[in-house]
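>
Residue numbers (the working numbering): 1238 to 1712.
Written out as structure tokens, the structure is:
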């Protein structure tokens, strides 16, 4: 594809002449090859403008930048490289996203579980559905790994093209606050956007809760979204409903879809639900009140898309597990072991309040906090764990470039229950299982379905579920 085709819809100033054929796109010099169009992105640590010479030397035939550079190479000067990269990637990959129905999910917690439930409903209704999110990219029975909840635009539009070529008609996409702030979704219009909830996270990036909330709220604009599905038991959700046409769901208030008579069991929940005036009974095997909310989000969205209530309830009943979300294994002596992605104070409260309420013995919690991320939530996470745990094992999550001992110190400031520090995560899990006996619950929090542990820039294979299964096999 030629450069001018890729820049269709972009306002720019060209320095230099020519309309070269572009064979690839890149914003990372390690992936530049002959015929590449290189985007100079500004990040927190590095500025891509400093690497334009390497990109040219490795084969880039044009540079997209925000100010003129000292080079004879063709330069495309734009106001915002990040936004332009989205439009260019969309053009380069044939604008395939415009041929797909896009459902976006925004919120601090619940995005992945909601996507699993909604995918099951829409698949049962006859759609060929793809899912993009924290656990990977899924379509046509295949899982493809992704390093980010919302992939960077070049990768994202590549996958949209693959989905279109493989006859996918509907994409369910988790949209992170970082993706909104970094304009990764420019040029994509969601047919429906779901808002799940809002609570503390990512203050290392956003600085304040107000800025974090404003970022999420900014997505609900007609340039990104046609219709909204919002949780109106959440304050930010109520604000969002004032911005665009909205369908609402609730447990505590009136909404278009309202759940009543909740019966929360150890392995399932039932509730009556009024769906736009139609009453039905719903059974979900994703236990906990937080999963009632996730189920309501999926039910409301599916209803907005025209799926009948019988198909919805049947599909919900068939969803038995979401990888790394309240994923439960039972030991031979009836110890319940739960692996969950909860890594925020609110997420931890949700899972532990459910587990404590359904625990017949002690609640033992294995958890840690990620490094180089929101430090403000660390003592809050310790405080929440102390509210529910009989005993805690404080361990590593993904320490990244931070000292694990210092992370543990931050967490322990408000960790008032009995606890032990074992920084090796597999050893921490083994210890927790060794002190558990019949009727106890061991909750292993923070990593969920992740298949790696990141330490000092290196990602080593690691899975909480596989560690648990290995320990159970060795007994």
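All C-beta atoms in this analysis are idealised placements derived from N, C-alpha and C, irrespective of residue type, glycine included. The structure presented is a predicted model; accordingly, all values stated were derived computationally and were not measured.
Are residue 1390 and residue 1421 close, meaning C-beta to C-beta below 7 Å?
Yes.
> Can you round the beta-carbon distance between residue 1560 and residue 1357 to whole angstroms, since I take them to be within the 8 Å contact cut?
No, residue 1560 and residue 1357 are not in contact; Cβ-Cβ is about 13 Å, not under 8 Å.
> Alpha carbon to alpha carbon, how far is residue 1573 from residue 1703?
Their Cα atoms are separated by approximately 15 Å.
> Mind checking residue 1416: buried by the 16 CB within 10 Å criterion, or exposed?
Buried, by the Cβ-count rule.
> Our contact map puts residue 1670 next to residue 1632 with C-beta atoms below 8 Å; I'd like the distance itself, whole angstroms only.
That belief does not hold up - the Cβ atoms of residue 1670 and residue 1632 are roughly 13 Å apart, past 8 Å.
> Mind checking which residues open and close the alpha helix (DSSP H) that includes residue 1662?
First-last of the alpha helix (DSSP H) with residue 1662: 1662-1672.
> Kindly list the residues whose CB is nearer than 8 Å to the CB of residue 1614, restricted to its own chain and excluding five residues on each side of it in sequence; keep chain order.
Correct list, in chain order: 1437, 1438, 1440, 1581, 1582 and 1606.
> Where do the ends of the alpha helix (DSSP H) carrying residue 1403 lie?
No alpha helix (DSSP H) contains residue 1403, which DSSP labels as neither H nor E.
> Give me whichever residues DSSP pairs with residue 1409 in a beta bridge.
The partner list for residue 1409 (beta bridge, DSSP) reads 1340 and 1368.
> In this structure, does DSSP put residue 1509 in helix, strand or coil?
Residue state, collapsed to three classes: strand.
> Rounded to whole angstroms, what is the Cα-Cα separation between residue 1672 and residue 1322?
Approximately 53 Å, taken between the alpha carbons.
> Mind checking who residue 1381 pairs with in its DSSP beta bridge?
In the DSSP output, where bridge partners are listed per residue, residue 1381 has 1374.
> Would you identify the three-state DSSP class for residue 1622, choosing helix, strand or coil?
Reduced to three states, the DSSP call for residue 1622 is helix.
> Alpha carbon to alpha carbon, how far is residue 1461 from residue 1467? Give it in angstroms, no decimals.
Between residue 1467 and residue 1461, the C-alpha separation is close to 15 Å.
> Thinking C-alpha only, which one of 1435, 1334, 1278 and 1387 is nearest residue 1318?
Among 1435, 1334, 1278 and 1387, the Cα nearest to that of residue 1318 is on 1278.
> Spatial neighbours of residue 1366 within its chain, please: C-beta separation below 6 Å, excluding the five flanking residues on both sides.
Answer for residue 1366: 1356, 1359, 1360 and 1407, listed in chain order.
> Would you kindly report the start and end of the unbroken alpha helix (DSSP H) that includes residue 1648?
Per DSSP, residue 1648 belongs to the alpha helix (DSSP H) from 1641-1649.
> Going by DSSP, what residues sit across from residue 1656 in a beta bridge?
Per DSSP, 1629.
> Quick one: using the 10 Å Cβ neighbour count with 16 as the cut-off for buried, is residue 1455 buried or exposed?
Exposed.
> Should the stretch 1641-1660 be called in touch with the stretch 1563-1579, which here means at least 3 C-beta pairs below 8 Å?
Not touching, per the Cβ criterion.
> Does the distance from the C-beta atom of residue 1601 to that of residue 1679 stay below 7 Å?
In contact: residue 1601 and residue 1679 (Cβ atoms closer than 7 Å).
> On a Cα-Cα basis, can you pick out the residue from 1545, 1305 and 1326 that is closest to residue 1316?
Of 1545, 1305 and 1326, the residue nearest in Cα terms is 1305.
> Note down, one range per segment and in chain order, each alpha helix (DSSP H) of at least 4 residues found wholly within the stretch 1533-1563.
Segments of the alpha helix (DSSP H) lying fully in the stretch 1533-1563: 1546-1555.
> Over what stretch of residues does the beta strand (DSSP E) that includes residue 1274 continue unbroken?
Residues 1273-1276.
> What are the uninterrupted segments assigned as beta strand (DSSP E) that are 3 or more residues long and contained completely in the stretch 1259-1309, given in chain order?
Runs of the beta strand (DSSP E) inside the stretch 1259-1309: 1261-1263, 1273-1276 and 1297-1302.
> Whose C-beta lies closer than 6 Å to the C-beta of residue 1258 among residues of the same chain, with five residues either side of it excluded?
Only 1239 meet the Cβ criterion.
> Over what stretch of residues does the alpha helix (DSSP H) that includes residue 1353 continue unbroken?
Run containing residue 1353: 1348-1361, per the alpha helix (DSSP H) assignment.
> Taking C-alpha atoms, which residue in 1330, 1339, 1298 and 1302 lies nearest to residue 1287?
Comparing Cα-Cα distances from residue 1287 to each of 1330, 1339, 1298 and 1302, the minimum goes to 1302.
> Excluding the five sequence neighbours on either side, which residues of its own chain have a C-beta within less than 6 Å of the C-beta of residue 1691, listed in chain order?
Excluding sequence neighbours, residue 1691 sits near 1635 and 1637.
> Using the Cα positions of residue 1472 and residue 1342, report the straight-line distance between them to the nearest angstrom.
Straight-line Cα distance between these residues: approximately 17 Å.
> Comparing alpha-carbon positions, which option in 1648, 1273, 1477 and 1307 lies nearest residue 1618?
Of the listed residues, the one whose Cα sits closest to residue 1618 is 1648.
> Are the beta-carbon atoms of residue 1292 and residue 1269 separated by less than 7 Å?
Cβ distance < 7 Å, so residue 1292 and residue 1269 count as in contact.
> Using a threshold of 7 Å, state whether the C-beta atoms of residue 1621 and residue 1585 are closer than that.
Yes, these two residues count as a Cβ contact at 7 Å.
> Looking only at C-alpha atoms, which of 1598, 1597, 1625 and 1639 sits nearest to residue 1612?
Closest by alpha carbon: 1639.
> Should residue 1519 and residue 1354 be called a contact, given that it needs their Cβ atoms to be closer than 7 Å?
Cβ distance not < 7 Å, so residue 1519 and residue 1354 don't count as in contact.
> Residues in the same chain with beta-carbon distance under 8 Å from residue 1546, minus the five sequence neighbours each way, listed in chain order, please.
Answer for residue 1546: 1512, 1515, 1517 and 1540, listed in chain order.
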